[in-house]
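Sequential numbering of the sequence shown, starting at 974, is according to my numbering.
Cβ atoms here follow ideal geometry from the backbone N, Cα and C, with glycine treated the same way.
Remember, predicted model here, so these are calculated numbers, not experimental data.
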Amino acid sequence: MVLKKFIESLSDKYLNSYTEGFNYSTDYELIIKLILSPRASEHKVEFLGNLIVSSYKDYKSLAMAPLDDIENIIRPVGFFNQKAIRLKRAAFYISSTLDNKIPNTTYELMKIPGIGVKSARKYLSLRSNTEEIIIDTHFKRVLKRLNFISSNSKNSEIENWFKGLISKNIHSRSSNLISYFGKKICLNNKPKCDLCQYKRFCNFFSSVHNR
């Protein structure tokens, strides 16, 4: 299967139902939800992110909040202790060092506690309308199962390979669509192979059904 054709097929099938996973209206709300999002369901990120935003109106008030209070709000999410610390540190950094202005480069965004390369690129793709290749576990799982990449491919190698095949003006949409397919159909533990039109190309499907 050709990668470009795969993405075109995903776009035809899922583009109308595809979402970024959570709602946001401000930089503040988006930063909060990005910090909460690793290893967390979209539903929890949405719900708990909204609780944080309604409890603390801005970065300064969040930075000044007792850590215990933040932990109690986000306790249902995985790694809530670490994420509470990151939220507080990020809020302090943004309010004191950045004067509440979020930078517009990956390098500067990654200086914010709790914002890694994936979150930085996600932010830029959503708020700055830049085209970013967003590589996450769902994205890589789909590409590995469909034999586009190997199990030991590095992110930098995947990025260079992707750039060489897919036009820059659809990098964000393409990588997000692949990730979306991984979240909804090509799940980690119990993939919905009966709903997958690409299973004839899939090494996971072959390994299970050829036993």
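Would the segment 1046-1053 count as touching the segment 1068-1088 if we require 3 or more Cβ pairs under 8 Å?
no
I need the straight-line Cα distance from Tyr-997 to Ala-1064, nearest angstrom please.
Going by the C-alpha atoms only, they are around 17 Å apart.
Can you give me the Cβ contacts of Leu-1009 inside the same chain, cut-off strictly under 7 Å, excluding the 5 residues immediately before and after it?
Val-1018, Leu-1021, Gly-1022, Ile-1047, Val-1050 and Lys-1056
What did DSSP end up calling Gln-1170 once you bin it into helix, strand or coil?
coil
As assigned by DSSP and simplified to three states, the class of Gly-1051
coil
Ser-1028 and Asp-1042 - do their beta-carbons sit closer together than 9 Å?
yes
Locate the alpha helix (DSSP H) running through Leu-1021, then write down its first and last residues.
1015-1028
Could you work out which residue in His-1144, Pro-1164 and Asn-1161 is closest to Ser-984 when comparing CA atoms only?
His-1144
7 Å CB neighbourhood of Lys-1157 in its chain, flanking five on each side removed:
none
For Ile-1106 and Glu-1132, believed in contact at Cβ under 8 Å, the rounded distance:
5 Å
Please list the terminal residues of the continuous alpha helix (DSSP H) segment that includes Glu-1132.
Segment 1128-1138, the alpha helix (DSSP H) holding Glu-1132.
Here's a check: name, in chain order, each residue in its chain whose Cβ is nearer than 7 Å to the Cβ of Cys-1166, leaving out the five neighbours to either side.
Lys-1172 and Phe-1178
Quick one, which of Cys-1175, His-1111, Arg-1146 and Leu-1116 has its alpha-carbon nearest Leu-1160's?
His-1111
Can you name, in chain order, every residue of its own chain whose Cβ lies under 7 Å from the Cβ of Lys-1091, other than the five neighbours on each side?
Ile-1107, Ile-1108 and Asp-1109
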